[in-house]
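All the letters of the sequence shown, read from the start, carry residue numbers 12 to 465 under our numbering. Idealized CB from N, CA, C, for every residue including glycine. Here the structure is laid out as structure tokens; the discussion comes afterwards.
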Amino acid sequence: MAPVSETPLPQDPAPPLRRNRNFTVFWLGQALSVLGGSITYLALPLLVLDATGSIVRMGLLTVVMGATGILTGLFAGYVVDRTDRRRLMVACDLGRAVLLGAVPFVWLAGPRLWVLYVLTAVVTVLKTLFDVAYVTSVPALVRREDLAAANARLMGTFAVGTLFGPVAAGLVTAGVGAAWALAVDGATFLVSAISLRWVAFGPAPGRAGPAEGGTGREGVRGRLREVFTTGFTFLWGHRLLRPLTVLLTLLTFLTMGATDLLVFRLREDLGRDAAVVGLVVAVSGLGVVAASACAARLRRAFGFGPCWLGAVVLIGAAVAVTGTSTGLPVIAAAAAVFMFGMTLGGVSSMTLRQEVTPEPLLGRVTSAFWTVHNAAGPIGAAVLTLCAGRWGVTPVSLAGGVFCLLIAAAGLLTPLRSARSGGPSAPPAAAGPGPGAAGAAGADTGGVGGAKQA
């Protein structure tokens, strides 16, 4: 197999962000897709809850989504690093458009949960491949000094989705059912696929070429070693990415099931209808808007570490308030604080990873990062929903808030506490397994909702 360079390669000159046509088309083209993703974010759990009335069944959907994402993450980075990223993203968009568009027609014959679980798994495979390609394409479109601002702008498109998507999902669900809301999301992926045809990603110098090494047993073993260990090795060898991955894995244990707790709290504990649930989730998008607007400035002012650890504290406080308050304005405000923390943390960690990772490794490192920290998500979602079904949302939410504070306290004992950035280049690290490797270890946003993973 051809060796992979371990040092970042110079990027082709790009215009400033405000005059960067390729990035602008890329950014705006995803806005409608993210809006549709936010519809699915609410419509899927509502579809299961309306059919079964069970938070455990609703939580199982989250478990299927999380587990499939983890398995896909084991090879997604390898695929992204060795294929045309634009063609891959277009194919993933078209696949999701067909699958989600078929849901209402399947549902006409009556609820079939097993079909929904299978469809969710396939859509998650396509989403994971798309998201890895999406995030790793940004450094090829903008200047290094524009990375944080570009990531914040992409998070801003998620803000648009979280503001208007849940409202649309609530209205469509209340009017014609959650299944048709999913079909609307399918249509937005067609728009995304079309828009990508006008984005010129340009050549990616230094990217790994097609796999070499023959088709024999040794060639297959070599490719498997690269798929499973290259990204892990780089993560574990970096002084900032290592503690970040460990702490975010713990955080994802809580955050992947947070949406299920919120939906169940509003629908079952407080007796609110789908339109109100959509409105509360939409208000939470204000937190994404605020974080997207100030994330780059906060990171420049305080540095990566304080921003990320502060975001964890905000997340914990919001989870505790959401599960204990009975007032809709307070719950909506807490949900907005939750999303502010998730967005600030996501922008900070995504920018750090893009700064320190060599471009030829970025797909595999991103995939490994997501796979590792998302590994706890399905387990956490299952534990949270089972505990909430037995003891109620309130004690589970309080415990979740304390858990986040403990994560932040642990982060103060690592290099994250004073880290401002990842430095101008990646540190030396083995590009593959071998005696000199630093070791191997298991979206940035903790796997919540339909956001692009950071």
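With distances taken between CB atoms, is the gap from residue i to residue j smaller than 8 Å?
i	j	result
Leu-262	Cys-398	no
Gly-338	Thr-405	no
Ala-147	Val-91	Correcting the residue identity first, residue 147 is Thr in this sequence and not Ala. Against a cut-off of 8 Å, the Cβ pair of Val-91 and Thr-147 comes out as a contact.
Gly-289	Leu-53	yes
Leu-28	Val-210	no
Leu-85	Thr-382	yes
Val-74	Ala-393	yes
Phe-34	Ala-161	yes
Gly-327	Gly-412	yes
Arg-428	Gly-316	yes
Ala-204	Leu-105	yes
Thr-260	Ala-386	yes
Taking only the alpha-carbon atoms, compute the straight-line gap between residue i and residue j and give it to the nearest angstrom.
i	j	result
Leu-165	Val-67	33 Å
Gly-388	Val-330	16 Å
Ala-131	Asp-61	In the sequence as displayed, the identity of residue 131 is Thr instead of Ala. Their backbone Cα atoms lie some 17 Å apart in a straight line.
Ala-194	Ala-113	7 Å
Pro-26	Val-149	14 Å
Thr-377	Val-300	24 Å
Phe-266	Gly-321	With the sequence shown as reference, residue 266 is identified as Thr, and Phe is not the correct amino acid for it. Approximately 16 Å, taken between the alpha carbons.
Val-292	Val-183	15 Å
Pro-122	Leu-72	14 Å
Val-323	Leu-119	43 Å
Val-117	Trp-125	12 Å
Trp-319	Leu-158	17 Å
Gly-40	Ala-190	24 Å
Val-341	Thr-79	34 Å
Gly-88	Gly-268	25 Å
Thr-94	Pro-371	12 Å
Thr-63	Leu-363	42 Å
Leu-424	Leu-58	43 Å
Arg-401	Arg-375	40 Å
Val-407	Arg-208	46 Å
Leu-140	Arg-96	10 Å
Gly-242	Pro-426	21 Å
Leu-272	Arg-30	42 Å
Ser-65	Glu-279	10 Å
Gly-356	Val-202	29 Å
Gly-181	Phe-175	10 Å
Gly-217	Ala-379	Low per-residue confidence applies at Gly-217: pLDDT is 42, beneath 50, and the placement is therefore not dependable enough to give any value.
Pro-115	Val-178	19 Å
Leu-127	Gly-197	15 Å
Arg-310	Ala-410	29 Å
Ile-81	Phe-264	13 Å
Trp-247	Leu-417	22 Å
Gly-188	Val-287	15 Å
Trp-38	Leu-325	28 Å
Ala-151	Gln-365	10 Å
Ala-343	Gly-282	15 Å
Val-101	Ser-336	43 Å
Ala-312	Met-76	36 Å
Ala-421	His-384	16 Å
Arg-32	Val-143	22 Å
Arg-250	Thr-244	12 Å
Ala-219	Leu-277	A caution first: Ala-219 carries a pLDDT of 45, below 50, which makes its placement in the model too unreliable to give a value.
Leu-252	Ala-302	22 Å
Leu-373	Thr-83	16 Å
Assuming residue i and residue j form a contact by the criterion Cβ under 8 Å, report the distance between their Cβ atoms to the nearest whole angstrom.
i	j	result
Leu-99	Val-133	With a Cβ gap of about 16 Å, Leu-99 and Val-133 do not count as contacting.
Gly-391	Met-350	Gly-391 to Met-350, Cβ: 18 Å. No contact.
Leu-255	Ser-360	6 Å
Gly-403	Thr-354	Actually they are not in contact, since the Cβ atoms of Gly-403 and Thr-354 sit about 29 Å apart, beyond 8 Å.
Leu-55	Cys-103	With 8 Å as the limit, Leu-55 and Cys-103 do not qualify as a contact, their Cβ atoms being about 18 Å apart.
Val-45	Ser-206	Going by Cβ atoms, the distance from Val-45 to Ser-206 rounds to 12 Å, so no, they are not a contact pair.
Phe-200	Ala-285	Going by Cβ atoms, the distance from Phe-200 to Ala-285 rounds to 23 Å, so no, they are not a contact pair.
Val-358	Ala-345	Not a contact, Cβ separation roughly 21 Å.
Thr-396	Gly-70	3 Å
Ala-306	Ala-163	5 Å
Ile-50	Ala-192	5 Å
Ala-347	Val-274	Going by Cβ atoms, the distance from Ala-347 to Val-274 rounds to 16 Å, so no, they are not a contact pair.
Can you find a heavy atom of the ligand NAD that lies under 7 Å from the Cβ of residue i?
i	result
Val-149	Although the ligand NAD was asked about, the structure shown includes no ligands whatsoever.
### Any beta strand (DSSP E) of 3 or more consecutive residues that is wholly inside the segment 234-271
none
### Message
Runs of 4 residues minimum, wholly inside the segment 96-130: which ones carry the alpha helix (DSSP H) assignment?
### Response
96-118
### Message
My parser needs the alpha helix (DSSP H) runs of 4 or more residues fully inside the segment 347-387; what are they?
### Response
373-385
### Minimum length 4: unbroken alpha helix (DSSP H) runs contained in the segment 65-98
66-92
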